[in-house]
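So the sequence lines, in the order shown, correspond to chains X and R. With the first sequence counted from 1, adding 2 to any position gets you our numbering. With the second sequence counted from 1, adding 25 to any position gets you our numbering. Here the structure comes first, spelled out in structure tokens, and everything after it is commentary.
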Amino acid sequence: MVRTFITTEPLDAAALLAEVGTPDDGAVLLFAGTVRRHNDGRAVTGLRYDAYATMAETVLRQIAEEAVARWEVSRLAAAHRTGDLSIGDVSVVIAVSAAHRAEAFDAGRYVIEEVKQRLPVWKQERYAGGADRWLEGSMPRSREAGS
Amino acid sequence: MRVRVLFFALYRDLAGHSQIDLELEAPATAGTAVARLRAMGPGLARLPDRPAVAVNQQYARLDAPLDDGDELALLPPVAGG
Chain X
3 MVRTFITTEP LDAAALLAEV GTPDDGAVLL FAGTVRRHND GRAVTGLRYD
53 AYATMAETVL RQIAEEAVAR WEVSRLAAAH RTGDLSIGDV SVVIAVSAAH
103 RAEAFDAGRY VIEEVKQRLP VWKQERYAGG ADRWLEGSMP RSREAGS
Chain R
26 MRVRVLFFAL YRDLAGHSQI DLELEAPATA GTAVARLRAM GPGLARLPDR
76 PAVAVNQQYA RLDAPLDDGD ELALLPPVAG G
């Protein structure tokens with residue numbers, strides 16, 4: 003019902019989409035996050051994602067299970083890639099199926115927003131000319147941690 | 026006691042290491058470990074005094090107690106997706 007993973011290998015969005023969807027579903031939703039060639043007005047040549055991989059596996063699974071507990075969805079698959087990515091590469095994929103579209107959209111949106119807030123992953127932008135920079139992120143929050 | 030400290034992303038760059046083993050007097054908390062680390066060198070001194078931390082791969086508060094063998098991770102603001 004839920005499958006999540008962190009990988010350094012290229013993500014196959016179509017393969018994750020194929021993991022969700024049952025004869026009882028009227029909606030399948032696919033979200034793919036991709037590396038864009040610009041940010042804050044600068045030309046980006048690529049991204050490096052660093053991760054606390056073992057913890058990220060746990061947190062991604064927790065997020066997915068929270069979504070499935072909160073909304074009526076039948077299946078959910080989510081994956082995050084780490085390592086060096088090029089422009090256009092897929093960094094994150096979320097696939098959700100549900101009987102109705104509202105639940106699929108809500109659950110998928112929840113997963114990506116929580117990934118942004120809680121997944122122990124960081125990204126370093128690389129720019130034309132060789133400069134690089136760790137991006138400003140979100141202070142991670144969780145139910146068990148106040149600070 | 027000895028704890029393993031992990032650094033990621035910007036904090037790894039500041040520390041110059043991805044991990045170190047830190048000797049602490051018991052009792053110790055994540056916060057006392059952070060204070061010790063910040064006194065260990067000019068790079069580590071640039072760590073924030075209240076970073077996000079995880080103890081044994083769970084987000085934790087700075088007042089979380091540490092035990093011998095624990096894994097303490099210092100986590101910059103996260104930026105996945």
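Cβ coordinates follow ideal geometry from the N, Cα and C atoms, glycine included. Every value quoted in this text rests on a predicted model; they were computed, and no experiment measured them.
query: In chain X, which residues lie with their C-beta within 8 Å of the C-beta of P102 of chain R?; result: E138, G139, S140, M141, P142
query: Just mark S88 of chain X as buried or exposed, buried being the case when its beta carbon has 16 or more other beta carbons within 10 Å.; result: exposed
query: Which one of X:A100, X:T9, X:V46 has the shortest CA to CA distance from F53 of chain X?; result: Here residue 53 of chain X is Ala; the residue named in the question, Phe, does not match the sequence. Comparing Cα-Cα distances from A53 of chain X to each of X:A100, X:T9, X:V46, the minimum goes to X:T9.
query: Could you compute how far the alpha carbon of L97 of chain R sits from the alpha carbon of Q64 of chain X?; result: 20 Å
query: Using the beta-carbon of each residue, which ones in chain R are nearer than 7 Å to H82 of chain X?; result: G105
query: How many angstroms separate the CA atom of I45 of chain R from the CA atom of E115 of chain X?; result: 32 Å
query: If you run the structure through DSSP and keep just helix, strand and coil, what is A60 of chain R?; result: helix
query: Here's a check: name, in chain order, each residue in its chain whose Cβ is nearer than 7 Å to the Cβ of F107 of chain X, leaving out the five neighbours to either side.; result: L31
query: Distance check for W124 of chain X and L35 of chain R, CA to CA, integer angstroms please.; result: 9 Å
query: Leaving out five residues on either side along the sequence, give the residues of the same chain with a beta carbon under 6 Å from the beta carbon of D134 of chain X.; result: Q126, R128
query: What number of angstroms, rounded off, separates the C-alpha of F7 of chain X from the C-alpha of G110 of chain X?; result: 16 Å
query: Could you confirm whether any beta carbon from chain R is found closer than 9 Å to the beta carbon of V98 of chain X?; result: no
query: May I ask you to verify whether the region 81-100 of chain X touches the region 62-78 of chain R, counting CB pairs closer than 8 Å and requiring at least 3?; result: no
query: Starting from the Cα of L13 of chain X, find the closest Cα among X:A71, X:I96, X:G132, X:G139 and give me that residue.; result: X:I96
query: Pull the bridge partners of S140 of chain X from the DSSP assignment, please.; result: R:V103
query: Starting from T56 of chain X, follow the alpha helix (DSSP H) in both directions and report where the run begins and ends.; result: 55-72
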